[in-house]
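Novice: Handing you this structure, nothing more for now.
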DNA sequence: TGCGATTAGATCGCGTGCTATTTAGTTGTT
DNA sequence: AACAACTAAATAGCACGCGATCTAATCGCA
């Protein structure tokens, strides 16, 4: 079998399987907050800036409305945010945090550090790695 | 907002979003083969060694039976493989490629290189990156 | 031999994530 | 004003991926 078809040597499989592992690690951390990792990402975006449209959130997270609409509805059902049509443009839906949603930020404060303890601990160049991943992502989107 | 909660600076988000982008790139490449990326991974495992149990495939791919069973059934429905109970241990299910499944390998030969052209092209240290991801994956599984 | 513990897969229910399509609102052009 | 083109979000249908649970087979040990 050609070496390029070997699983262990495939960069993409490393990416895929490490992401699954990371997702699993987040599940434990986020369970007390009642969030999935994707929901956590949406909350991160909104904690940074509130009142965004669905598309604006999607641009930041690289997700489209087919994924976001149901996800946002679930967060709304948890009373973390409110969805309302924009007055200026009735096509748009504005997403605003509730008090409860804002308060959740305090509970999430410790999460990056907690995960950092698992990831960090020497030998890894996470910041370098992050930059290369972002470069990679850009290439993948540019050429398709 | 604490800088550790900023999206752009989060390694994990870079990992997550890059994986989505990669998955999308694979979709185009694999569409002619009628495979998803996960199905392609299973085929990679089987092209390397045939007649594995569900668990053995799962160990290599870091997937459990809840994911694999329906996935393997779909591949069986495409006549790429056969699932049969082991004679020695009736609990186990052995997965064997059909001729059709083996023949598909030829069609997949070019895929790593084709994707490599998108990913490669200078500036990135994919092999280094791959090793660090694997190290990371190991840490995530060890500490949970 | 018998019976509790363990193991392998299968199943359930849920939450992503996607492509393709639909619906409703807006824009631009005549 | 009218109407085609465009846009935002929603929806449909599909395939993962998971924790939890179930079923059936095997193991272990008295």
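Residue numbers (the numbering used here), protein chains in the order written: chain A, 1 to 144; chain B, 145 to 288. Using N, Cα and C, we set each Cβ at its ideal position, and we do this for glycine too.
(1) Name the chain B residues that come within less than 7 angstroms of residue 96/A, Cβ to Cβ?
(2) Any Cβ of chain A within less than 8 angstroms of the Cβ of residue 246/B?
(3) In whole angstroms, what separates the C-alpha of residue 197/B from that of residue 101/A?
(4) Could you work out which residue in 51/A, 5/A and 118/A is closest to residue 80/A when comparing CA atoms only?
(5) Note down, in chain order, every chain A residue with its Cβ under 8 angstroms from the Cβ of residue 162/B.
(6) State yes or no: is the beta carbon of residue 25/A nearer than 8 angstroms to at least one beta carbon in chain B?
(7) Closest to residue 270/B by CA distance: which of 6/A, 14/A and 104/A is it?
(8) Please list the residues of the segment 57-76 of chain A that have a C-beta atom closer than 9 angstroms to any C-beta atom in chain B, keeping them in chain order.
(9) Give the DSSP bridge partners of residue 111/A, in chain order.
(10) Note down, in chain order, every chain B residue with its Cβ under 7 angstroms from the Cβ of residue 143/A.
(11) When the Cα atoms are used, what is the spatial distance from residue 282/B to residue 182/B?
(12) Which of the three DSSP states, helix, strand or coil, is assigned to residue 238/B?
(13) Round the Cβ separation of residue 279/B and residue 124/A to the nearest angstrom and send it over; I've been treating them as touching at under 8 angstroms.
(14) For residue 143/A, which of 220/B, 212/B, 261/B and 275/B has the nearest alpha-carbon?
(15) Quick one: list the residues of chain A neighbouring residue 267/B, beta-carbon separation under 9 angstroms, in chain order.
(16) Please report the Cβ distance between residue 82/A and residue 61/A, rounded to the nearest whole angstrom; I am assuming they are in contact, meaning their Cβ atoms lie under 8 angstroms.
(17) The alpha helix (DSSP H) with residue 281/B in it runs from where to where?
(18) Between the alpha carbons of residue 199/B and residue 217/B, how many angstroms are there, rounded?
(19) My understanding is that residue 228/B touches residue 238/B, with C-beta atoms under 8 angstroms, so please give their C-beta distance in whole angstroms.
(20) Do you know how far the Cα of residue 24/A is from the Cα of residue 141/A?
(21) According to DSSP, simplified to helix, strand and coil, what is residue 61/A?
(22) Express the C-alpha separation of residue 251/B and residue 47/A in angstroms, rounding to a whole number.
(23) Work out the CA separation of residue 231/B and residue 18/A for me, nearest whole Å.
Specialist: Considering the structure as presented:
(1) The premise fails here: residue 96/A is roughly 17 angstroms from chain B at the closest Cβ pair, so nothing lies under 7 angstroms.
(2) At a cut-off of 8 angstroms between C-beta atoms, residue 246/B does not count as an interface residue with respect to chain A.
(3) Annotation: residue 197/B to residue 101/A spans about 46 angstroms, alpha carbon to alpha carbon.
(4) If we check each option's Cα against that of residue 80/A, 51/A comes out closest.
(5) Those within 8 angstroms of residue 162/B in chain A are 15, 133, 134, 136, 137 and 140.
(6) At least one CB of chain B lies nearer than 8 angstroms to the CB of residue 25/A.
(7) The residue with the shortest Cα to Cα distance from residue 270/B is 14/A.
(8) Correct list: 60, 61, 62 and 63.
(9) Beta-bridge annotation (DSSP): residue 111/A is not paired with any residue.
(10) Residues of chain B whose Cβ lies closer than 7 angstroms to the Cβ of residue 143/A are, in chain order, 262.
(11) Computed Cα separation, rounded: 20 angstroms.
(12) In the three-state scheme derived from DSSP, where H, G and I count as helix and E and B as strand, residue 238/B is classed as strand.
(13) About 6 angstroms separates the two Cβ atoms, so the contact holds.
(14) Ranking the options by Cα distance to residue 143/A, first place goes to 261/B.
(15) Against chain A, the beta carbon of residue 267/B has neighbours under 9 angstroms at 132 and 135, listed in chain order.
(16) Cβ atoms of residue 82/A and residue 61/A stay farther apart than 8 angstroms, at about 19 angstroms.
(17) Boundaries of the alpha helix (DSSP H) around residue 281/B: 270-286.
(18) Each residue's Cα considered, the two are about 15 angstroms apart.
(19) With a Cβ gap of about 6 angstroms, residue 228/B and residue 238/B count as contacting.
(20) The straight-line gap from Cα to Cα measures roughly 26 angstroms.
(21) Helix at residue 61/A.
(22) Those two C-alpha atoms are separated by around 47 angstroms.
(23) Each residue's Cα considered, the two are about 35 angstroms apart.
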